[in-house]
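Residue numbers (my numbering), protein chains in the order written: chain A, -19 to 50; chain B, 177 to 902.
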Amino acid sequence: MTKEELFKSYLEDPLLVEKNYISTDRLTKIKISEPSEIKLLEVIKLAIYGNMDNEPETTTARKISLALNK
Amino acid sequence: MIVEKIELENFMCYAGKNAFEFTEGINVIIGDNGYGKSQLYNAFYWVMYDQIFVKEADKFLNTKSLKSKIISDKAKAETNHGQLSAIVSITFHNLERDNVYILERKYTVDVTDGKIIENNDSEFTIMERELSYMNARLVNDEEKKQSIKTRILPPNLKPYLWFQGEQVESIIDFNKQDSLTQAINVLSNISRYDEIQNIANLASKAANSEYDRERRRLSKDRDKSLELENQKASLLSKIELLHKEEKELSDNLSIAEERCEILLNKTGDAQKINELKEKLKGIKNLIEELNNRLKEDQISFFKKMFRNKWLLKGAGNIYEEYSEKFSNYQQKRLLRLAEIKAKQEIETKAEKELQTRLPFNVPEPNYVQWMLKEEKCLVCDREAKVGSVAWNKIKELIERPEKQNSKIESTTKQNFESDFKKLYQNGISLSDRIVDIDSDISETLQDRMALAAKIREENYKFKKVEDQIQALLSDTSLTLEGAGDILNEYSIQNSKAKEFSNRLNKVIQQIEYNKSSLRNVNDQLSALVTGEIPKWLIEKLEVLNDFEIIAKNTRERVFSSLINQLEQEANTHYEVMTFGNKSARGKIKLRQLPNGNYMPEIINSVGEPLSGYNTSNLILVKLATIMAIVSAKSSQGVVDFYTLITDAPTSVFGEDYTIGFCKTISKVYKQSIIMSKEFYKNQELRNELLTNPDIRIGVVYMITPSIPEKQRDNRNTLVTNIERLN
């Protein structure tokens, strides 16, 4: 399973649209390799990259936390 | 990664140099029991894991334990001096990188004057060769060697890719509820979703702590905040404990429900067994009764000799003859009597006539005596000298009455008339019986034969019911005694399940109540804040809480979709595998348990669990499920990279399913190597294997030993002949 496939599976969650993180139209075009400027999506990407690179979970969680500071 | 070749030199029964080459598709090694199939499987296993499955020990043993037993007996017998080795090498072709790995294991002994000096260990080497280059290089780094082995066969995939027939049942152990979930985890990427969910939980937890710290810092009433935070901590701790209890109860509920399910399935079987037991008891009683009747009949048969006068069988002619003789006797006797009577009548008449001159008994006997004495007739007054006619006539007067009587008696010498009559009369009374004796005996014999036939019939029924019970017992793994306890155990497990379910509902309610209290405490804590919590922190908290929700939901959605996909795939494989057997029925359903695990079961067309399916069905369900997991991942490379190697996988479910199994295997796995005896015994099956267009056939070999298994007292000449069939 590729990072892109993994990412797409998270994009299927209706909460993203319900809570106005992203529009349905944009959702279909979004790619893991392209910055989205949507914080939740960037968090998901960080988690996927960390996991695929076999990074310890705590390290990835810390990176995510830092990325959302200010 | 596909297996291109395996070469065996003096390994077990493979004396000398031997090689099997394989291609993509299903490669089959055909041979009967004891022909060397399992040793070929062992050769693969030995190279990879330095272990060999020893049937007698029923476990895998390593080189240290087996030592020179690994080497062919023929090679040992023929070597008097020098070194002797058993060598197996496997060539794996990595299609992706277009390189080749040659894994080789070698065990060497020293031989001096025929005496073997054993070593403890084998040597393991890996050669790596880029196909574009001719030269192969030896891999020396142990870590790299391990990494290559892991790439060839990842340890977590091993149980699903390399297995023996006997192991099929344990791959998915229906008694271990999470075994299917584990298999799904291993063969799918679901574990990635679990890991990402863990990351989300950690990140969300950290953000919540950060937010709480900031809220405390900005509180207008620090003491109150502290108190509320303590309450919050207590509530969180309670919720955590309740979640643990919830999990425990879910697990217990799953176990009880699963147990109920298994028991419910067995209940049908147990009921059947009990019914059959009752039937058997009835037949046994009937047989006993019939045997008693037969014994009584036997005794009665002898008694009838006398009671029903069977002794007189065939005496009808004798009676008729006797009757005739008796009749003649009677007639003669009557005739004689009539004659005597007539004579008497004549005599009486004559006497009467004579009486006119000399009345009967006149003169008185004393006068007659006197006349005889005086030799003179007083009637006529004439002389009657002794001995003269006159004297004799006078004497006759005295003797006449005696003579008359003696004449009557003299009609027969002995008078048996009354005896003869009795015999005759007896004969009359028996004559009717004598006529019926034959039919009476015939009827009795017919009754006996019918009785004996009935006993035979009941004995046959008894045997049939016994066989049915045995078949049921072996299919259901029940014991005769255990079948009786199933219903009780089902009732116990059912009440346990109800109890766990009630407790679980209560715990869920408590969790909700505490969460509501927690929200309330959080609201109170927020109300105490003076000033503003930084927007970025609020946003961070919200984003990470949503990430936590999305991570959880996505994992559930992906898993659920995987389960649906698996169910469909499993049913496709199940249908193909059971095509050859019309008795197979039902559909596979992956049922979710209360604790989230899944269990495969067979359901009918209306979705109800089927009971009474046999061991073959269960194994096929397991195989279909494993293959479904593998084939569901085919697009992600699992099956493209790994070869299925299995020894006698079909031995546990019979020939009817063999072709279906091969079709499925060739569809699911890019390459498979299977050892089978079914194709050895059944020529028709072998032809179908080689010609069926639905089977992606690779290379098919037939192996035969030089000495049959039963004649291997001396294995010193044993070799295994390998014949390629296509």
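Using N, Cα and C, we set each Cβ at its ideal position, and we do this for glycine too.
Could you list which residues in chain B have their beta carbon closer than 7 Å to that of residue i, in chain order?
| i | result |
| --- | --- |
| Tyr(-10) (chain A) | Ile726, Thr730 |
| Leu(-14) (chain A) | Arg368 |
| Asp(-7) (chain A) | Ile726, Asn729, Thr730 |
| Leu46 (chain A) | The contacting residues do not exist; Leu46 (chain A) stays about 10 Å from chain B at best. |
Return the residue from the list the options that minimises the CA-CA distance to residue i.
| i | options | result |
| --- | --- | --- |
| Asp608 (chain B) | B:Lys250, B:Phe723, B:Leu488, B:Glu185 | B:Leu488 |
| Val752 (chain B) | B:Lys839, B:Asn406, B:Val697, B:Phe817 | B:Lys839 |
| Gln601 (chain B) | B:Ala383, B:Lys442, B:Ser503, B:Asn690 | B:Ser503 |
| Ile880 (chain B) | B:Val179, B:Phe187, B:Asn209, B:Met177 | The question names Ile, but residue 880 (chain B) is Thr in the sequence shown. The residue with the shortest Cα to Cα distance from Thr880 (chain B) is B:Asn209. |
| Ile202 (chain B) | B:Asp870, B:Gln847, B:Phe855, B:Arg900 | B:Gln847 |
| Glu434 (chain B) | B:Leu901, B:Asn897, B:Arg767 | B:Arg767 |
| Asn31 (chain A) | B:Leu329, B:Ala376, B:Gly290 | B:Ala376 |
| Arg509 (chain B) | B:Trp486, B:Gln590, B:Arg398, B:Glu743 | B:Gln590 |
| Ala491 (chain B) | B:Trp712, B:Ile475, B:Leu606 | B:Leu606 |
| Leu701 (chain B) | B:Asp399, B:Leu894, B:Phe735 | B:Asp399 |
| Gly192 (chain B) | B:Leu260, B:Lys181, B:Val179 | B:Leu260 |
| Ile604 (chain B) | B:Asn493, B:Gln622, B:Leu663 | B:Asn493 |
Taking the C-alpha atoms as reference points, what is the distance between residue i and residue j?
| i | j | result |
| --- | --- | --- |
| Leu440 (chain B) | Thr819 (chain B) | 38 Å |
| Ser499 (chain B) | Ala514 (chain B) | 22 Å |
| Asn771 (chain B) | Ser430 (chain B) | 6 Å |
| Asn581 (chain B) | Ile522 (chain B) | Only weak support exists for where Asn581 (chain B) lies, its pLDDT of 49 falling under 50; the coordinates are left without a value. |
| Pro535 (chain B) | Gln545 (chain B) | Confidence at Pro535 (chain B) is low in this model, with a pLDDT of 49, below 50, so the placement of that residue should be treated as unreliable; the coordinate-derived value is given next. Computed Cα separation, rounded: 16 Å. |
| Glu633 (chain B) | Lys471 (chain B) | 18 Å |
| Trp338 (chain B) | Tyr190 (chain B) | 21 Å |
| Pro36 (chain A) | Ile372 (chain B) | 11 Å |
| Val814 (chain B) | Ile709 (chain B) | At Val814 (chain B), the pLDDT of 49 sits below 50, so the modelled position is not reliable; the number obtained from the coordinates is stated separately. So the alpha carbons of these two residues sit roughly 50 Å apart. |
| Asp60 (chain A) | Lys(-17) (chain A) | Residue 60 (chain A) falls outside the range modelled here, since chain A spans only -19 to 50, and no answer is possible. |
| Asn218 (chain B) | Leu786 (chain B) | 38 Å |
| Ser827 (chain B) | Tyr856 (chain B) | 12 Å |
| Glu585 (chain B) | Gln520 (chain B) | The pLDDT assigned to Glu585 (chain B) is 49, lower than 50, so where the model puts this residue is not dependable; a value taken from the coordinates is nonetheless given after this. Rounded to whole angstroms, Glu585 (chain B) to Gln520 (chain B) spans 13 Å at the Cα level. |
| Val562 (chain B) | Tyr543 (chain B) | 16 Å |
| Lys420 (chain B) | Phe755 (chain B) | 46 Å |
| Lys716 (chain B) | Lys381 (chain B) | 11 Å |
| Lys674 (chain B) | Leu356 (chain B) | 25 Å |
| Ile613 (chain B) | Thr443 (chain B) | 58 Å |
| Glu200 (chain B) | Asn270 (chain B) | 12 Å |
Measure the Cβ-Cβ separation of residue i and residue j and say whether it is below 8 Å.
| i | j | result |
| --- | --- | --- |
| Val126 (chain B) | Lys19 (chain A) | Within the shown structure, residues of chain B are numbered from 177 to 902, placing residue 126 (chain B) beyond reach of any answer. |
| Ile205 (chain B) | Met851 (chain B) | yes |
| Phe187 (chain B) | Lys460 (chain B) | no |
| Leu627 (chain B) | Leu462 (chain B) | no |
| Val276 (chain B) | Arg313 (chain B) | no |
| Arg281 (chain B) | Val230 (chain B) | no |
| Ile292 (chain B) | Ser241 (chain B) | no |
| Ile246 (chain B) | Thr239 (chain B) | yes |
| Ile449 (chain B) | Ala659 (chain B) | yes |
| Gly341 (chain B) | Asp823 (chain B) | yes |
| Leu412 (chain B) | Leu694 (chain B) | yes |
| Ile684 (chain B) | Glu424 (chain B) | no |
| Asn690 (chain B) | Leu418 (chain B) | yes |
| Val797 (chain B) | Tyr845 (chain B) | no |
| Asp910 (chain B) | Leu656 (chain B) | Absent from the structure is residue 910 (chain B), since the part of chain B shown begins at 177 and ends at 902. |
| Gly762 (chain B) | Ile739 (chain B) | no |
| Asn374 (chain B) | Ser367 (chain B) | no |
| Ile10 (chain A) | Leu(-9) (chain A) | yes |
Helix, strand or coil: which one does DSSP assign to residue i?
| i | result |
| --- | --- |
| Arg558 (chain B) | coil |
| Val895 (chain B) | coil |
| Asp286 (chain B) | strand |
| Leu394 (chain B) | coil |
| His269 (chain B) | strand |
| Glu585 (chain B) | Because the pLDDT at Glu585 (chain B) is just 49, under 50, the model does not fix this residue reliably, and the value given afterwards should be weighed accordingly. Looking at Glu585 (chain B) - three-state DSSP - the assignment turns out to be helix. |
| Asn467 (chain B) | helix |
| Pro881 (chain B) | strand |
| Asn335 (chain B) | The amino acid occupying residue 335 (chain B) in the given sequence is Pro; Asn does not appear at that position. Helix, per DSSP. |
| Phe855 (chain B) | helix |
| Phe300 (chain B) | strand |
Residues of chain A with CB under 7 Å from residue i, in chain order?
| i | result |
| --- | --- |
| Leu378 (chain B) | Glu37, Thr38, Ala41 |
| Asp722 (chain B) | Leu(-5), Lys(-1), Leu20 |
Using the beta-carbon of each residue, which ones in chain A are nearer than 9 Å to residue i?
| i | result |
| --- | --- |
| Asp388 (chain B) | Near Asp388 (chain B) there are no residues of chain A at all, since even the closest Cβ is about 14 Å away, more than 9 Å. |
Residues of chain B with CB closer than 9 Å to the CB of residue i, please, in chain order.
| i | result |
| --- | --- |
| Lys19 (chain A) | Glu715, Lys716, Val719 |
Between residue i and the ligand GDP, is there a pair consisting of the residue's CB and a ligand heavy atom that are separated by less than 7 Å?
| i | result |
| --- | --- |
| Ile574 (chain B) | What this structure holds is no ligand at all, so the ligand GDP is not there to describe. |
Next on the checklist: Which residues of the stretch -6 to 15 of chain A have a Cβ closer than 9 Å to any Cβ of chain E? Give them in chain order.
Outcome noted: As a matter of chain content, chain E is missing from the structure shown, whose protein chains are A and B.
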